[in-house]
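For reference, the structure is listed below as structure tokens.
In full-length UniProt numbering, the protein residues as written are 1 to 636.
This is the structure we're talking about:
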């Protein structure tokens, strides 16, 4: 009887496996069939078998093939086509959810899974303009979600203020609605153009999505306009310039008038005008007239007009208005001097930088200065009335040794020329200390945590810490702002009392911090239910984890699948004839197949059951991934 079963299994393997191997792309032709594929993810001391069954109801994680394992341009094009279709579909679904005011659903659609698909697209394509288009479209759509949700919340607050008779608050909120509608208009226009481009990339029809975005845009503008007409009076701004040729030393002399569209002047009022990027406060006369001088600083030399805007107070009854005048810009060169409070600094030290910026003794205002140390930008300082001062903290990424501290006005082809001043500063190396602890959690995981600090106890944030298992690297983790770090490793102990060494190391190369490391020993215990049913207890971290990336396509592993079936048949034939037993959780397992999943892994990979990493940078291991074949009626 056993021989008959073995023969049947072998024949089945040949009948099922060989036709699949002969298909055009190595993909199963039966839409209902599920195939298992293996990925080389071997760890430092052994192998863990990990499974991802995409036939599960809510599991939509389906991974593409590692580009290094592709066997032809056809496969690559097919993968890119599938990924671009999924990305386009998510953008389309997100747009519909925005128009339906389902903002959390839209965020979910555009969340981690979209990012994962985009990373896969980058892996296969190697990076391209198409990648940038998908990335920008996702960012724009997320921005639109936030803007439209804020618009609705602001509108609700406005209606509440109106109902409560709070006129000033209502006007503030109405003005905010107008500003949000303008932002929505700009973002929607950009997004519609990107979706049209993605249609040509993916071949997907996104007309419904583009119509939904246009609807959101039109609704926002219409609602804001209706509220603005109810709350505000429109204004008209007229401006003249004395001479078109201007520079910082020859400022623009402007005269103008502000009035309502009905011709009523905003008489004897203090108003705010924005000229270029600079704000000016002026007094109007009885007829709404005003005058001012404007010294251009960042105006491009290519500019042909200078824009002037009237900016009402938030609770004003008036709407803003704009005007422009023709100009020709001439560049002048400023002078700058800097002072640094100390010439020797170290990590975490605060150093005061001050100085002056002027053009022929005329002080410069309202421009940003960039501060760099050792080529790393460490701060931005604003200039006010020709002077600047700021306390700057020394970060870790500045190399130790003598470095140049540079303060610069980073302008190019603008009314003010760029200027740079430097001063030599010695950056001292700082000692660090690293501590690490680890403990077993639920029998199948190790919780690893620690801190990286200076010897004075100052936390070192934003640094990479390498985690090792028995001396072999298993991944990295970043420190938080306070220098702490934490991660989890999946484990499968061999026996009670087994000891493993967990190490952590900070590499201070190319920084002003010295390297440091630490380690700890953990004594492992066997899980409460280590084998049999193949399912972990609730709350445990299963050693059968979802694989995260680099899944092989079907054609590369079908031969292994056939071999696996044949080996399984032989094993079944030779196995002890034990009775099936029922476990505590009600599942049935074969007592003769102790550690059934592990035995398969041992057969294929000669595994020893050592811990495996769940870090962001996974260490390769041997694990299968279950993927639905092409033509499946279910979404992966």
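Backbone N, C-alpha and C fix where the C-beta goes; we use that ideal spot for every residue, glycine too.
- Each residue's CA atom was taken as its position, placing residue 385 and residue 369 some 14 Å apart.
- The region 161–168 and the region 210–217 do not touch, with fewer than three beta-carbon pairs separated by less than 8 Å.
- The C-beta of residue 457 has fewer than 16 other C-beta atoms within 10 Å across all chains shown, which makes the residue exposed.
- In this structure, DSSP gives residue 310 an extended state, which the three-state scheme calls strand.
- Using a 10 angstroms sphere on the CB of residue 203, the tally of other CB atoms stays under 16, which defines it as exposed.
- With a threshold of 16 other beta carbon atoms within 10 Å, residue 360 falls short and is exposed.
- The C-beta separation of residue 341 from residue 351 comes to about 6 Å, placing the pair in contact by the 8 Å criterion.
- Around the beta-carbon of residue 439, fewer than 16 other beta-carbon atoms lie within 10 Å, marking it exposed.
- For residue 169, the enclosing alpha helix (DSSP H) has its first and last residue at 167–202.
- DSSP lists no beta-bridge partner residue for residue 509.
- In this structure residue 416 is in contact with residue 332, their Cβ atoms being roughly 7 Å apart against a cut-off of 8 Å.
- Here the alpha carbon of residue 244 sits roughly 26 Å from the alpha carbon of residue 409.
- Under the DSSP definition of a beta bridge, residue 422 partners with 406.
- Its Cα nearest to that of residue 188, the residue 142 stands out among 156, 177, 232 and 142.
- Of 111, 137 and 129, the smallest CA-CA separation from residue 88 is found for 137.
- In the structure shown, residue 222 adopts helical secondary structure according to DSSP, grouped into three states.
- Remark: C-beta atoms of residue 117 and residue 83 approach each other more closely than 7 Å.
- Here DSSP, grouped into helix, strand and coil, assigns residue 130 to helix.
- By the Cβ rule, the region 260–271 does not count as touching the region 297–304, because fewer than three pairs are nearer than 8 Å.
- With a cutoff of 7 Å on beta-carbon distance, residue 346 and residue 428 are scored as near each other.
- When beta bridges are read from the DSSP output, residue 354 appears opposite 339 and 389.
- Rounded to the nearest whole angstrom, the C-alpha separation of residue 382 and residue 405 is 17 Å.
- Pairing residue 497 with residue 517, the inter-Cα distance amounts to about 25 Å.
- Nearest neighbour of residue 441 by Cα position, chosen from 305, 124, 79 and 523, turns out to be 523.
- Under the three-state reduction of DSSP output, residue 241 falls in the strand class.
- Spatial neighbours of residue 105 in its own chain (CB-CB distance under 7 Å, excluding positions within 5 residues in sequence) are listed in chain order as 97.
- Rounded to whole angstroms, the gap between the alpha carbons of residue 420 and residue 372 is 11 Å.
- Non-local C-beta neighbours of residue 335 in its own chain, meaning closer than 8 Å and more than five positions away in sequence, comprise 357, 358, 359 and 419, ordered along the chain.
- Restricting attention to 316, 447 and 508, the CA atom closest to the CA of residue 520 is found in 447.
- Residue burial is scored here from C-beta neighbours: residue 423 has fewer than 16 other C-beta atoms within 10 angstroms and is therefore classed as exposed.
- For residue 525, the CB contacts under 6 Å within the same chain, skipping 5 residues up- and downstream, are 496 in chain order.
- Note on residue 321: 16 or more other CB atoms within 10 angstroms of its CB, so buried under the neighbour-count rule.
- Per DSSP, the continuous alpha helix (DSSP H) segment holding residue 109 begins and ends at 103–109.
- Annotated as distal: residue 94 and residue 206, with beta-carbon spacing of 7 Å or more.
- Within 10 angstroms of the beta-carbon of residue 362 lie fewer than 16 other beta-carbons, which makes it exposed.
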